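Let me begin by presenting the structure, written as structure tokens, before commenting on it.
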Amino acid sequence: MTKVLTNEQIEQYNEMGFISPIRVMSETNALEIKHQIEEAESNFSDEIHAQSRNNLHLCFVFLDALAHHDIVVGAMEDLMGPDLALWASVMFIKEPSSNHFVSWHQDGTYMGMNSNDFATPWIALTPSTIETGCMSMIPGSHKQSIQIHEDTFEDNNILTRGQEIQDIKESQSVNLILNPGEMSIHHGAIIHGSRPNKSNQRRIGFALQSYMPPSISQIAGQNMWMHISGKKRKDRGGVDLARPKFDMDPQGVEQRKLADENLSNILYKGAKTKRKY
Ligand SMILES: O=C(O)CCC(=O)C(=O)O
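Quick note on my numbering: the sequence shown kicks off at 29 and runs consecutively.
Following this line, the structure appears as structure tokens:
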């Protein structure tokens with residue numbers, strides 16, 4: 029028996045490469061988490077800003093709790109089995125009336141894994157709509173191999189390299205509209221992107237990128253994982269990332285520094301330029 033997802037949702041994931049929406053928590057709880065993020069941004073402005081939003085789950089208890097949330101983990105187990113580790117996280121924030129966007133891409137392109145058969149939950153902490161710049165997906169595109177990405181390094185492109193797949197048939201895309209407290213789940217090879225936020229409020233989504241079953245291994249870069257469920261990974265030379273005991277726990281801050289450096293080395297491997305995020 030599945031824990032969170034219905035058989036239809038699992039079939040949809042296999043066929044389309046995504047599922048949406050799934051309620052994780054109430055709208056009130058999601059807005060409380062948004063408030064905690066904004067408090068953290070103001071209290072620790074050197075550590076959390078537009079160029080430093082990766083792996084915050086290693087330093088903040090309320091974000092670590094989302095990574096271990098029963099509904100999130102239950103849905104991941106339904107898709108990938110009981111033994112899971114988390115690779116990284118990204119807080120995707122688009123400021124009100126800004127031009128920031130995410131070009132059409134496949135997550136697995138630069139993650140340095142042996143396969144792209146892994147999944148990312150994206151939890152909406154504010155409304156994610158056409159106006160605020162929700163994610164759009166090309167259904168079924170996860171069944172293709174990784175396409176050619178052009179590294180544009182475009183200023184307004186939030187992706188590390190501004191990597192982009194050309195000639196996408198946008199008319200085929202599906203908008204994933206989420207209320208605060210709902211999540212979508214997407215496959216490591218699905219083609220997706222998002223347009224600018226034209227509204228007068230921030231659009232915040234927390235991407236737990238990604239949950240990995242034991243069949244996935246890191247073939248470029250160092251192995252760094254947070255254990256989530258089932259049997260613990262035992263990769264040679266692997267680093268087992270600990271959960272923070274309190275917000276900005278010095279051990280967590282140190283681990284985040286190492287994990288961010290490793291992530292940057294992996295994502296920018298072979299790139300002409302390296303941005304600060
Ligand atoms: O937040 C966005 O608009 C894009 C996020 C994304 O590309 C991802 O989570 O893989």
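Cβ atoms here follow ideal geometry from the backbone N, Cα and C, with glycine treated the same way. Just so it is clear, the structure is predicted and the values come from calculations on it, not from any experiment.
* Starting from Thr56, follow the alpha helix (DSSP H) in both directions and report where the run begins and ends. => Mapped onto the sequence shown, residue 56 falls at position 28. First-last of the alpha helix (DSSP H) with Thr56: 55-71.
* Cβ-based burial, Thr14 [other Cβ within 10 Å; buried from 16] -> In the structure as shown, the chain begins at 29 and stops at 305. Residue 14 is therefore absent and cannot be evaluated.
* Is the beta carbon of Ala68 less than 8 angstroms from the beta carbon of Ile61? -> For the purposes of this step, residue 68 is identified with residue 40 of the sequence shown, where counting begins at 1. For the purposes of this step, residue 61 is identified with residue 33 of the sequence shown, where counting begins at 1. Their beta carbons are not under 8 angstroms apart, which means Ala68 does not touch Ile61 by this criterion.
* Sorry if obvious, but does the Cβ on Thr154 come closer than 7 angstroms to a heavy atom of ligand 1? -> Position 126 of the sequence shown, counted from the first residue, corresponds to residue 154. No, since every heavy atom of ligand 1 falls outside the 7 angstroms radius drawn around the Cβ of Thr154.
* Look up Asp268 in the DSSP assignment and say whether it is helix, strand or coil. => Position 240 of the sequence shown, counted from the first residue, corresponds to residue 268. Strand, per DSSP.
* To do: Would you identify the three-state DSSP class for Pro149, choosing helix, strand or coil?
  => In the sequence shown, counting from the first residue as 1, residue 149 sits at position 121. Pro149: strand per DSSP, three-state reduction.
* Asked: If you check the beta carbons only, do Gly190 and Ser131 fall under 8 angstroms apart?
  -> Position 162 of the sequence shown holds residue 190. Position 103 of the sequence shown holds residue 131. With contacts defined as CB atoms closer than 8 angstroms, Gly190 and Ser131 qualify as a contacting pair.
* Which whole-angstrom value describes the C-beta separation of Leu269 and Gln283, a residue pair presumed to lie in contact below a C-beta threshold of 8 angstroms? -> Here residue 269 refers to the residue found at position 241 when the sequence shown is read from its first residue. Here residue 283 refers to the residue found at position 255 when the sequence shown is read from its first residue. The beta-carbon distance between Leu269 and Gln283, rounded to whole angstroms, is 6 angstroms. This is short enough to meet the 8 angstroms contact definition.
* Quick one: what does DSSP say Val202 is sitting in, helix, strand or coil? -> Translated into positions along the sequence shown, residue 202 becomes position 174. In the structure shown, the three-state DSSP call for Val202 is strand.
* Does DSSP classify Tyr305 as helix, strand or coil? -> Position 277 of the sequence shown, counting from 1, holds the residue named residue 305. Coil.
* Looking only at C-alpha atoms, which of Pro49, Glu36, Trp115 sits nearest to Gly216? -> The residue you call residue 216 lines up with position 188 of the sequence shown. It is Trp115 whose Cα lies nearest to the Cα of Gly216.
* **Residue(s) in a DSSP beta bridge with Gly216** => What you label residue 216 is simply residue 188 of the sequence shown in a count that begins at 1. Beta-bridge partners of Gly216 (DSSP): none assigned.
* With hydrogens ignored, establish whether the beta-carbon of Met163 is closer than 7 angstroms to any heavy atom of ligand 1. => The residue given as residue 163 occupies position 135 in the sequence shown. Yes, ligand 1 has a heavy atom inside 7 angstroms of this Cβ.
* From what residue to what residue does the alpha helix (DSSP H) around Arg81 run? -> As a first step, residue 81 must be located in the sequence shown, where it is residue number 53. Annotation: Arg81 is outside any alpha helix (DSSP H) and is labelled neither H nor E by DSSP.
* **Per-residue burial, Glu210 [other beta carbons within 10 Å of its own, 16 or more giving buried]** => Within the sequence shown, numbered from 1, the residue matching residue 210 stands at position 182. Buried.
* Is the closest heavy atom of ligand 1 to the C-beta of His220 under 7 angstroms? -> Within the sequence shown, residue 220 is the residue found at index 192, counting from 1. Yes, Cβ of His220 sits closer than 7 angstroms to a heavy atom of ligand 1.
* **Top-ranked residue by Cα proximity to Phe181, from Ala299, Ile151, Glu36** => Translated into positions along the sequence shown, residue 181 becomes position 153. Among Ala299, Ile151, Glu36, the Cα nearest to that of Phe181 belongs to Ala299.
* Verify the contact flag: Gln134, CB atom, against every heavy atom of ligand 1, threshold strictly below 7 angstroms. => Counting from 1 along the sequence shown, the entry for residue 134 is found at position 106. Result no, Cβ not under 7 angstroms from ligand 1.
* As assigned by DSSP and simplified to three states, the class of Pro278 -> Locating residue 278 in the sequence shown gives position 250, where the first residue counts as 1. Look at Pro278 here: in three-state DSSP terms it is helix.
* Would Phe129 pass as a contact of Pro241 if the rule is Cβ separation under 8 angstroms? -> Looking up residue 129 in the sequence shown gives position 101. Looking up residue 241 in the sequence shown gives position 213. Not a contact, by the Cβ cut-off of 8 angstroms.
* **Which of helix, strand or coil DSSP assigns to Met139** => Here the question's residue 139 lines up with position 111 in the sequence shown. Note: Met139 maps to coil in three-state DSSP.
* Please go through the same chain and pick out, in chain order, the residues whose beta-carbon is closer than 6 angstroms to the beta-carbon of Thr160, but skip the five residues on each side of it. => Looking up residue 160 in the sequence shown gives position 132. Closer than 6 angstroms at Cβ, skipping near neighbours: Asn225, Ser227, Arg231.
* Can you say whether Lys259 is buried or exposed, counting buried as having 16 or more other CB atoms within 10 angstroms of its CB? => One-based indexing of the sequence shown puts residue 259 at position 231. Its Cβ having fewer than 16 others within 10 Å, Lys259 is exposed.
* **Residue nearest to Ala248 in terms of C-alpha spacing, selected from His170, Ala235, His255, Gly266** => As a working note, residue 248 is residue 220 in the sequence shown. With distances taken between Cα atoms, Ala248 lies closest to Gly266.
* To do: Taking all protein chains shown into account, decide if Pro272 is buried (16 or more other Cβ within 10 angstroms of its Cβ) or exposed.
  => Translated into the one-based positions of the sequence shown, residue 272 becomes position 244. Buried is the label assigned to Pro272, since at least 16 other Cβ atoms lie within 10 Å of its Cβ.
* Asked: If you follow the alpha helix (DSSP H) that Met108 is part of, which residue opens it and which one closes it?
  -> Walking along the sequence shown from the start, residue 108 turns up at place 80. Bounds of the alpha helix (DSSP H) holding Met108 are 98-108.
* Can you say whether Pro124 is buried or exposed, counting buried as having 16 or more other CB atoms within 10 angstroms of its CB? => The residue labelled residue 124 in the question sits at position 96 within the sequence shown. Exposed.
* Asked: Three-state secondary structure (DSSP) at Met29?
  -> Numbered from 1 along the sequence shown, position 1 holds the residue referred to as residue 29. Correct three-state label for Met29: coil.
* Within this structure, are the beta carbons of Leu291 and Asn83 separated by less than 8 angstroms? -> Residue numbering aside, residue 291 sits at position 263 when the sequence shown is read from its first letter. Residue numbering aside, residue 83 sits at position 55 when the sequence shown is read from its first letter. Result yes, Cβ atoms of Leu291 and Asn83 sit closer than 8 angstroms.
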